[in-house]
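Engineer:
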Amino acid sequence: MVNETKSGAEILLGILNQMNQDANFPMSVLTDKEGLPIASAFSNGADPEKQSAVVAFLQKTAVQVSKQLGMDEIDEISFSYVDGQHLICRPFNIDSNRLILAIIVADREQSYRRITNRALAEIRNIWN
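Numbering follows my numbering, in which position 95 of the sequence shown is assigned residue number 76; successive positions increment by one, without gaps.
(1) By a C-beta neighbour count over all protein chains shown, 10 Å radius and 16 as the cutoff for buried, is SER9 buried or exposed?
(2) Enumerate in chain order the residues of its own chain whose CB-to-CB distance from SER59 is below 8 angstroms, with the five nearest sequence positions on each side excluded.
(3) Using the Cα positions of GLN(-1) and LYS41, report the straight-line distance between them to the nearest angstrom.
(4) So, using beta-carbon positions, are ILE104 and LEU11 closer together than 8 angstroms?
(5) Is DSSP giving ASP3 helix, strand or coil here?
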């Protein structure tokens, strides 16, 4: 009998793939605060390293703006495009690790919070 224990990377990839499939997201990526990709799932030919770098840049910029305005920690960064797509970045902490879950939502009317909350909970569970 073959032991089919999955690695952490495989489990993270599975979480992202399932989220993309359930919500019809064309892209999701999990990065660290520096923009290094930890896991990514794409339905098109997007470049995960490039997407991760953009996500990290957006996170750093948003943190600077929040500090300058004296606001609390960021829960979400959202960019809307004229074609109806949204780039959503959900920064979160696991222990002392700052991570970012980013997704592309193809339709501006599509809900995404519940499914990303579920993915974040699953990521936290396997991380510990």
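Note that beta-carbon positions come from the ideal geometry of N, C-alpha and C, so glycine has one too.
Structural biologist: Concretely, from the data shown:
(1) buried
(2) HIS67, LEU68, ILE69, CYS70
(3) 28 angstroms
(4) yes
(5) Shown here, ASP3 sits in a helix according to DSSP, grouped into three states.
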